[in-house]
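*Asks:* Residue numbers (this note's numbering): 185 to 253. Ideal Cβ placement from N, Cα and C applies to all residues, glycine included. Quantities reported herein were computed from a predicted structural model and do not represent experimental measurements. Here it is, the structure, as structure tokens.
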Amino acid sequence: MLNLKAEMVRHSITVPDIQKAIGCSEKTVRNKIEERTEFTLTEAFRIRELFFRDCPFEYLFKPDKKKSA
């Protein structure tokens, strides 16, 4: 999720910030960002609502083409 990573940097959002927002471990968040596992729809909506309201949902959670191919 290159777009999510880029927006995290632009907005100074850290993995622990997301961890607290969705209530899981830091390792779980890292796995989800690296697309080893998936965000639930509820988690994705919460992340966008809390941190990235200015970003379209489809843009923010667009899979990395390299990893999804």
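Once DSSP output is grouped into helix, strand and coil, what is the label at aspartate 201?
*Replies:* Aspartate 201 falls in the helix class under three-state DSSP.
*Asks:* Just confirm the distance between the C-beta atoms of threonine 221 and asparagine 215, as a whole number of angstroms; I'd bet it's less than 8 Å.
*Replies:* Right, the Cβ-Cβ distance comes to about 5 Å (below 8 Å), so this counts as a contact.
*Asks:* Run the CB neighbour count on phenylalanine 235, radius 10 Å, all protein chains shown included, and call it buried at 16 or more, exposed below.
*Replies:* Result: buried.
*Asks:* Thinking glutamate 210 and leucine 244 are a contact (beta carbons under 8 Å), I'd like their distance in whole angstroms, please.
*Replies:* Not a contact, Cβ separation roughly 20 Å.
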